[in-house]
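J.: Protein sequence lines correspond, in order, to chains A and B.
For the first sequence, our numbering gives the first residue as 1, with consecutive numbering after it.
For the second sequence, our numbering gives the first residue as 251, with consecutive numbering after it.
Note that the Cβ used here is the ideal one computed from N, Cα and C, for glycine as well.
The structure that follows is given in the form of structure tokens.
Number of protein chains: 2
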Amino acid sequence: MKKFAERRSIRKYKAVPVSEKLIRSLAEEASRAATMGNMQLYSLVVTADPEVKLRLADAHHRQPMVLEAPVLLTFCADFNRFSRWCECRDAVPGYGNLVSFFNAATDTLLFAQAFCTLAEECGLGTCILGTTVDNPGMIIDILGLPRLVFPVLTVTVGYPDEAPQQTDRLPVEGILHENGYRDYSPEDIDRIYAAKESLPESRYFTELNGTDNLAQVFTRFRFTWKDNIAMSEKMVEALRKQGFLEKKFD
Amino acid sequence: MKKFAERRSIRKYKAVPVSEKLIRSLAEEASRAATMGNMQLYSLVVTADPEVKLRLADAHHRQPMVLEAPVLLTFCADFNRFSRWCECRDAVPGYGNLVSFFNAATDTLLFAQAFCTLAEECGLGTCILGTTVDNPGMIIDILGLPRLVFPVLTVTVGYPDEAPQQTDRLPVEGILHENGYRDYSPEDIDRIYAAKESLPESRYFTELNGTDNLAQVFTRFRFTWKDNIAMSEKMVEALRKQGFLEKKFD
């Protein structure tokens, strides 16, 4: 196995297409990932069409890699297919609710990570876009997602045209807890975040943004309360539109 | 690489412990999975203590494998550690909202699948428990999860003591869509679900439950509207308790 310990996200791709056949075979293999009650509550929308990519790029704040990647994958939580099956079999589906959305999102993300691991084994590079939840409504419209289908994660895929440095990770003891959660003291925080804070790029971003430290770059610019509140409202609106917040049995 | 195409979930384990060192090294490697803004919004609670496992088993409907597995892993969405860091650095965290929960859950599930893939590469068997969202409140209490930490997925881990048949999967064309979502016609549904419906175990469960078909086993017994509504309410309550549904900036 290609060492997972050496993986890195890839944002620059060669102008070489990724074959439909390869995507299909990776999706087939990835579907072996565990799934809730073996319901496979996901769909994968594969976008190679430049016009559709251009429209999707708007939803992803026009990040260059969305247009440059030969393939854009939108992993969707999907309770529509399962519900259609139920309807065709005189079984009454009751999946327009939050826990069903969350079960479907779980299936989708396990499938997505399995796909990415397998794709990287084949020499492809991937990058996840955290922007999928910024504008779910736009993505729903562009891809024509029906009721009970919701975009959960977008991944760019292609053959790597860069060999970036690995980004840092917290020391593993910072994420592990034995038998119960042990909350973090200020001393724990200092120790866990020390390496990250001392990186040249952390200092660079701190200076660039005119903040006192890296944490302030996140709270003031990258993941702000104001943006989070606005996105949460848009997410609730989109979940409601997609039928995942229905109170009554329909 | 051990063929992912041949993977299966393992529910019976040898009475052999899984070393802390191995879990730690798998967690370290899995933390190379992609993460939103490199924030690593997850924690992993590792439970090998039989008393804690016994208490957790109640939250998981006393499924035998929860007690029998040498290790139980509770993968938690965690915005607490990051927020503590912010607080220690005079940065004001604004992560008590739905989109932050969802970002953390995404990170957590990508990390969880990476962990499971790597664990299986080492000869371990794993099984995900879909019951984590049934009783999040109980798990939160047992593990002492603070504000902004939420249990997302539980996984049992151990050395396999069974070699089960692979379960079925839908044909891959049933989950793939090109450029946009193509909704399913009744004919599509018949074709996609034909193999699953013709399996001996599908007929067995249909007969056992006295239903007309497999879909009705799901809607009437396994994933019912009534249970889903009750669980959705418990999930909202637990999300509120953990501070992920605060409207105001605190």
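Scan the stretch 83-154 of chain A and note each continuous alpha helix (DSSP H) run of 4 residues or more that stays entirely inside, going in chain order.
T.: Correct list: 98-121, 136-143.
J.: So the alpha helix (DSSP H) residue 185(A) belongs to, where does it begin and stop?
T.: Per DSSP, residue 185(A) belongs to no alpha helix (DSSP H) and is neither H nor E.
J.: When DSSP labels each residue in this structure, what does residue 35(A) get in the three-state scheme?
T.: If DSSP states are grouped into helix, strand and coil, residue 35(A) belongs with coil.
J.: Give the straight-line distance between the Cα atoms of residue 442(B) and residue 420(B), rounded to the nearest whole angstrom.
T.: Cα to Cα, the separation comes out at about 6 Å.
J.: Please list the terminal residues of the continuous alpha helix (DSSP H) segment that includes residue 74(A).
T.: No alpha helix (DSSP H) holds residue 74(A); the beta strand (DSSP E) holding it covers 71-78.
J.: Find out if the Cβ-Cβ distance for the pair residue 469(B), residue 94(A) is shorter than 8 Å.
T.: Cβ atoms of residue 469(B) and residue 94(A): closer than 8 Å.
J.: Under 8 Å between beta-carbons, which chain C residues line up against residue 448(B)? List them in chain order, please.
T.: No chain C appears in this structure, whose protein chains are A and B.
J.: Run through the DSSP bridge pairs and tell me what residue 43(A) is partnered with.
T.: Residue 43(A) pairs with 76(A).
J.: With a threshold of 8 Å between beta carbons, is residue 60(A) in contact with chain B?
T.: Not one chain B Cβ lies under 8 Å of residue 60(A).
J.: Is there a C-beta anywhere in chain A that falls below 8 Å from the one on residue 413(B)?
T.: Closer than 8 Å: no.
J.: By a C-beta neighbour count over all protein chains shown, 10 Å radius and 16 as the cutoff for buried, is residue 16(A) buried or exposed?
T.: Result: exposed.
J.: Can you tell me whether residue 216(A) is buried or exposed? The criterion is at least 16 other CB atoms within 10 Å of its CB, across all chains shown.
T.: So residue 216(A) counts as buried.
J.: Tell me which residue opens and which closes the beta strand (DSSP E) that residue 428(B) is part of.
T.: Looking at the DSSP string, the run of the beta strand (DSSP E) that includes residue 428(B) is 426-428.
J.: If the cut-off is 8 Å on Cβ atoms, which residues from the stretch 113-133 of chain A count as contacting chain B, listed in chain order?
T.: From the stretch 113-133 of chain A, only 113, 114, 116, 117, 118, 121, 126, 127, 128, 130, 133 have a Cβ closer than 8 Å to chain B.
J.: Might you give, ordered along the chain, the residues of its own chain that have their beta carbon closer than 7 Å to the beta carbon of residue 45(A), omitting 5 neighbours on each side?
T.: Here the set comprises 74, 76, 143.
J.: According to DSSP, simplified to helix, strand and coil, what is residue 64(A)?
T.: It is helical.
J.: Quick one: which chain A residues come within Cβ less than 7 Å of residue 479(B)?
T.: Chain A residues near residue 479(B): 97.
J.: Going by DSSP, what residues sit across from residue 408(B) in a beta bridge?
T.: 375(B), per the DSSP bridge assignment.
J.: Say whether chain A places a C-beta atom closer than 8 Å to the C-beta of residue 400(B).
T.: No, residue 400(B) does not count as interfacial toward chain A.
J.: Might you give, ordered along the chain, the residues of its own chain that have their beta carbon closer than 6 Å to the beta carbon of residue 374(B), omitting 5 neighbours on each side?
T.: Counting only Cβ-Cβ distances below 6 Å, and skipping sequence neighbours, we find 407.
J.: Apart from the five residues just before and just after residue 237(B), which ones in its own chain have a Cβ nearer than 6 Å to its Cβ?
T.: In the structure as shown, chain B begins at 251 and stops at 500. Residue 237(B) is therefore absent and cannot be evaluated.
J.: Using beta carbons (cut-off 8 Å, strictly below), is residue 565(B) in contact with chain A?
T.: Here chain B has residues from 251 to 500 only, and residue 565(B) is not among them.
J.: What residues are listed by DSSP as bridge partners for residue 13(A)?
T.: For residue 13(A), which the question treats as bridged, DSSP gives the partners 160(A).
J.: Under a CB-based cut-off of 8 Å, is residue 393(B) close to chain A?
T.: Chain A, which has a Cβ nearer than 8 Å to the Cβ of residue 393(B), makes this yes.
J.: Taking the alpha carbon of residue 397(B) as the reference point, which residue from 474(B), 430(B), 496(B) has its own alpha carbon closest?
T.: Checking every option, the nearest Cα to that of residue 397(B) belongs to 496(B).
J.: Take residue 431(B) as the anchor and find which of 50(A), 227(A), 78(A) has the nearest alpha-carbon.
T.: The candidate whose alpha carbon is nearest that of residue 431(B) is 78(A).
J.: Assuming the contact rule is C-beta atoms closer than 8 Å, residue 133(A) and residue 352(B) should be a hit. Round their C-beta distance to whole Å, please.
T.: Going by Cβ atoms, the distance from residue 133(A) to residue 352(B) rounds to 6 Å, so yes, they are a contact pair.
J.: Less than 7 Å separating the Cβ of residue 63(A) from some heavy atom of the ligand SAH?
T.: Absence of the ligand SAH is noted for the structure shown, with no ligands found whatsoever.
J.: Out of 275(B), 335(B), 480(B), which has the shortest C-alpha to C-alpha gap to residue 186(A)?
T.: The option with the nearest alpha carbon to residue 186(A) is 335(B).
J.: Go ahead and pull the three-state DSSP assignment for residue 466(B).
T.: Reduced to three states, the DSSP call for residue 466(B) is helix.
J.: DSSP three-state call for residue 298(B): helix, strand or coil?
T.: It is coil, neither helix nor strand.
J.: Using the beta-carbon count (16 or more within 10 Å), is residue 122(A) buried or exposed?
T.: Exposed is the call here.
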